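Position 135 of the sequence shown, counting from 1, maps to 135 under the UniProt record's numbering, and the rest follow consecutively.
Each residue gets a CB set at the ideal place from its N, CA and C atoms; glycine is no exception.
Given the structure is predicted, the values throughout are model-derived calculations rather than measurements.
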Amino acid sequence: MNKALCLTILLSFSLCLPSEARRGDKKQSVYSFYTTRQEITPAAIVAFAKQFLGVPYRFGGSSPQKGFDCSGFVNYVFSNFHFLVPRSSAAFNSKGRQVPLTEAQAGDVILFRGTNPKVKSIGHIGIVISDKGEPLRFIHASSGKIRCVTETLLDNRYQKRFVKIVRLIL
Numbered sequence: 001m002n003k004a005l006c007l008t009i010l011l012s013f014s015l016c017l018p019s020e021a022r023r024g025d026k027k028q029s030v031y032s033f034y035t036t037r038q039e040i041t042p043a044a045i046v047a048f049a050k051q052f053l054g055v056p057y058r059f060g061g062s063s064p065q066k067g068f069d070c071s072g073f074v075n076y077v078f079s080n081f082h083f084l085v086p087r088s089s090a091a092f093n094s095k096g097r098q099v100p101l102t103e104a105q106a107g108d109v110i111l112f113r114g115t116n117p118k119v120k121s122i123g124h125i126g127i128v129i130s131d132k133g134e135p136l137r138f139i140h141a142s143s144g145k146i147r148c149v150t151e152t153l154l155d156n157r158y159q160k161r162f163v164k165i166v167r168l169i170l
């Protein structure tokens, strides 16, 4: 009796699933998806991140279809390489290994204070896309005038807000 009841419940549940799930279909993403450990390199992280240039900024956003905020963007990129990273900018303050600004390289995460000078906590993050020794450039979801995923040079405006660089790829 118990077996029959369990089987009935299981069968009923499976019929509630969308047809794609019952067939095992996987929707193809228009974006590349890296899955093997050997492909997790700084260059692969940067190449994946650059696919999202121009995706609109959206507060709380964490997908290319709906838009990104800064931490949603960084989380999305690293999650696609199976990194468990925070969803909030501030939580990155205790993640990874801190490296000096002069040692920053592609794939590192750059942390900034927010735009309010009175608030000292982390308020913005991005991913370094330049190689060590080059002028530092990073990719991020900007809520400023551009309001999209963009590449930015570490200029005086961002330098004033700079907090640190953390390396997740060891």
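Alpha-carbon spacing of R147 relative to S79, whole angstroms: 23 Å
Contact under 8 Å by Cβ, V55 with V109: no
Given 8 Å, three or more beta-carbon pairs between the segment 70-78 and the segment 95-104: no
Environment of L136 [buried if 16+ CB atoms lie within 10 Å]: buried
Reduced DSSP category for S79 - H, G, I as helix; E, B as strand; rest coil: helix
Between the CA atoms of K164 and A141 - distance to the nearest angstrom: 18 Å
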